[in-house]
Amino acid sequence: MTIVVVMEQVPDVVEELVIAPSGTDLDRDAVSYVINEYDDHALEEALLLAEATGDEVVAVGIDTTGELDQALYTALAKGARRAIKVTGDFEGAWLSTRAAAQLLVPVIKELDPRLVLTGVQAPDDLDGQLAPTLSALLGWPHASVVISSEIADGVVRARKELWAGITMTLELELPAVLGVQAARQAPRYVPISRVRQVMREASIETREVEPVGDLAPSLMRLRFPAETSQAEMLTGNASEIADRLIELLRARGLL
Amino acid sequence: MSQRITVLVEHLEGQPTDVTFELLGLARRIAKTNGAAVEALLFGETVRHLAQTLPADRVVMVEHPLLRYLAPEATAITLTTLLRTDPPWLVLIPNTSLGMDVAAWVAATLDWPLIAYCEALEQHDGQLVATAQLFGGKILADVKLEDRPTVISALAGTFATDALPPAPPGTIEHRDPPAELAALRTRSVVLERPEAADVDITRAEKIVAVGRGIESKDNLELAEQVAEALGAVLAASRPLVDAGWLPRSRQVGKSGLKVKPKLYFALGISGAPEHLEGMKDAELIIAVNKDPKAPIFSVADYGVVADLFEVAEALLERLEG
Chain A
1 MTIVVVMEQV PDVVEELVIA PSGTDLDRDA VSYVINEYDD HALEEALLLA EATGDEVVAV
61 GIDTTGELDQ ALYTALAKGA RRAIKVTGDF EGAWLSTRAA AQLLVPVIKE LDPRLVLTGV
121 QAPDDLDGQL APTLSALLGW PHASVVISSE IADGVVRARK ELWAGITMTL ELELPAVLGV
181 QAARQAPRYV PISRVRQVMR EASIETREVE PVGDLAPSLM RLRFPAETSQ AEMLTGNASE
241 IADRLIELLR ARGLL
Chain B
1001 MSQRITVLVE HLEGQPTDVT FELLGLARRI AKTNGAAVEA LLFGETVRHL AQTLPADRVV
1061 MVEHPLLRYL APEATAITLT TLLRTDPPWL VLIPNTSLGM DVAAWVAATL DWPLIAYCEA
1121 LEQHDGQLVA TAQLFGGKIL ADVKLEDRPT VISALAGTFA TDALPPAPPG TIEHRDPPAE
1181 LAALRTRSVV LERPEAADVD ITRAEKIVAV GRGIESKDNL ELAEQVAEAL GAVLAASRPL
1241 VDAGWLPRSR QVGKSGLKVK PKLYFALGIS GAPEHLEGMK DAELIIAVNK DPKAPIFSVA
1301 DYGVVADLFE VAEALLERLE G
């Protein structure tokens, strides 16, 4: 049986972000892309589930960057059995979550999985998270903020984190959709040599799709947060800074 | 569509969460400018006691054992049924673990627009504009609200409640649970509360908190030494806890604990919105980070752009010397 993992490439928020002249998107030429870190956890959780059940993990992604192959080959190198790239006339576009979900639904239905996993959220999902959106469009039950899961007797048992260490464990009938916050263990590492080997031996399947009508929110503009901070920046070398910190803490009775 | 602002009440077994009152306050502020009515949707097993405490013009209550924990499927179906019957203008849902399961599901099912991660909802030139936090809090998106039903998932800990005057008692209406609750594909829901932790960081007066910038588990020792020398407890942002370097009981943030110490000394924490939610009310925040644009500096009182190890070592030398 099949477990689908949906993986998305997102702008690396550690890098400096530049707003495009249009004001309604990032300057995509200045963006460096990484796999959404939560999707990496979703892949790890899927591989752990599959190791226990013998399911086949299929990694699926929409190629909005022209650079998705690397991520899919990495998924194959880590243990996914198939990788599928959804392509169409949307390279460089900022797809809304709703549009992405609509593009993914036919591909997921074709694969007929018993479970779909994806990251709990992405840095660019202005119109909400993918897992609950897919759940609504597929008509399958779901849970998000999942930190562990197991498949047993026609259900997936998913542990969802609330807050302050409180968790909710749900038994969902299959097929189901999970939004993964963190896999049970840190995502596995795969050496680049192994990825290169997979690139020679395996291939990525392609599904060409037509763009869908979009109900994205009416974005007026992107902007940087105003410098509202009153933070006083301390400068100098480490010793000078340490002296200032000690002084500050003493003045406030904290030392 | 009526000029109504609807708020989904979040509670844990009958205890309302802070965000519920934040969103009711937000709804009332908007309603005041345009005469809309504020409606609270209260789902649960037995939640009648809560209905009178909600500052809303109308409380609509649905009680059913399957709604006890506000688990995703039952909550989303009940909410969708009510909204479809009588669509409001705005639906405010907390962008919390419980709300996230519901907002996108409901919006996609009804084919209504959704604006997530909302941190502000304000009038600009006679137009209501929602501001969403994107890209780890580094970018804000201003979104114009259309004249149609719209779902907004709003960040917890962002909207003020203190200016909320007591509401005149509103009407309380009971609705029958939707028939679909009989055919849920969620078989069971179990809530677990954590066992008592070794250290309760919510009671600590001083916290030294470490983030990804600490780079390796071995480097935690330095942070521990600084904490000890300051008389502080050690806490962490989520990635370190996920990596197993520190127990869950030390995690600060949206999915961890909310802390309000006298000192919050952040080492190598960039300050993702989820982290800031848990610590921005600390009395004194000092942040050390390599990235001058790290969002942590937006809530800090004092900021240091430097190598955290150099600063930590210099500080330790003085504290121990």
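Residue numbers (the numbering used here), protein chains in the order written: chain A, 1 to 255; chain B, 1001 to 1321. Note that beta-carbon positions come from the ideal geometry of N, C-alpha and C, so glycine has one too.
With 16 other Cβ atoms within 10 Å as the buried cut-off, status of residue i
| i | result |
| --- | --- |
| Ala1160/B | exposed |
| Lys85/A | buried |
| Asp55/A | buried |
| Tyr189/A | exposed |
| Glu1174/B | Looking at the sequence itself, residue 1174/B is His, so the reference to Glu does not match. Exposed, because fewer than 16 other Cβ atoms sit within 10 Å of the Cβ of His1174/B. |
| Val18/A | exposed |
| Pro211/A | exposed |
| Phe1297/B | buried |
| Ser1249/B | buried |
| Ile192/A | exposed |
| Asp29/A | exposed |
| Phe1265/B | buried |
| Pro252/A | Correcting the residue type first, residue 252/A is Arg in the shown sequence and not Pro. By the neighbour-count rule (16 or more Cβ atoms within 10 Å), Arg252/A is not buried but exposed. |
| Glu1013/B | exposed |
| His1049/B | exposed |
Whether residue i touches residue j by CB criterion (7 Å)
| i | j | result |
| --- | --- | --- |
| Gly1157/B | Glu1277/B | yes |
| Val1199/B | Leu170/A | no |
| Leu1316/B | Val1288/B | no |
| Ala183/A | Glu45/A | yes |
| Arg1058/B | Thr1171/B | yes |
| Val1007/B | Ala1040/B | yes |
| Leu1092/B | Pro1055/B | no |
| Ala176/A | Leu134/A | no |
| Thr266/A | Ala42/A | Any question about residue 266/A goes unanswered here, given that chain A covers just 1 to 255. |
| Ala1272/B | Gly1126/B | no |
| Thr1186/B | Leu172/A | yes |
| Ala1235/B | Val1252/B | yes |
Cutoff 7 Å: residue i Cβ touching any chain B Cβ
| i | result |
| --- | --- |
| Asp39/A | no |
| Gly236/A | no |
| Val155/A | yes |
| Val145/A | yes |
| Ser22/A | no |
| Asp278/A | Chain A is shown only over 1 to 255; residue 278/A falls outside these bounds and no answer can be derived. |
| Thr65/A | no |
| Thr133/A | yes |
| Leu321/A | The structure shown has nothing for residue 321/A, since chain A only spans 1 to 255. |
7 Å Cβ cutoff, residue i in contact with chain A
| i | result |
| --- | --- |
| Phe1135/B | yes |
| Pro1072/B | yes |
| Asp1101/B | yes |
| Glu1224/B | no |
| Ile1077/B | no |
| Ile1005/B | no |
| Pro1088/B | no |
| Asp1142/B | yes |
| Ala1294/B | no |
| Leu1308/B | no |
| Asp1281/B | no |
| Ile1139/B | yes |
Coarse secondary structure for residue i, derived from DSSP in three states
| i | result |
| --- | --- |
| Gly1137/B | helix |
| Asn1095/B | coil |
| Arg1148/B | coil |
| Asp1142/B | strand |
| Thr64/A | coil |
| His1275/B | helix |
| Ala1104/B | helix |
| Gly1025/B | helix |
| Gln1251/B | strand |
| Met1061/B | strand |
| Gly1213/B | helix |
| Leu1184/B | coil |
| Ala164/A | coil |
| Ile1285/B | strand |
| Pro11/A | strand |
| Thr1006/B | strand |
| Glu16/A | coil |
| Phe1309/B | helix |
| Gln1015/B | strand |
| Val105/A | helix |
Contact with chain C by residue i, beta-carbon distance below 7 Å
| i | result |
| --- | --- |
| Tyr1264/B | Absent here is chain C; the protein component of the structure consists of chains A and B. |
Expected contact under 8 Å - CB spacing of residue i and residue j to nearest Å
| i | j | result |
| --- | --- | --- |
| Ser271/A | Met1100/B | With chain A covering only 1 through 255, there is no way to say anything about residue 271/A. |
| Ser1121/B | Leu1083/B | Checking the sequence shown, residue 1121/B turns out to be Leu, not Ser. The Cβ separation is near 18 Å, so there is no contact. |
| Arg1238/B | Gly1213/B | Actually they do not touch by this definition, with Cβ atoms about 14 Å apart. |
| Leu1079/B | Val1102/B | 6 Å |
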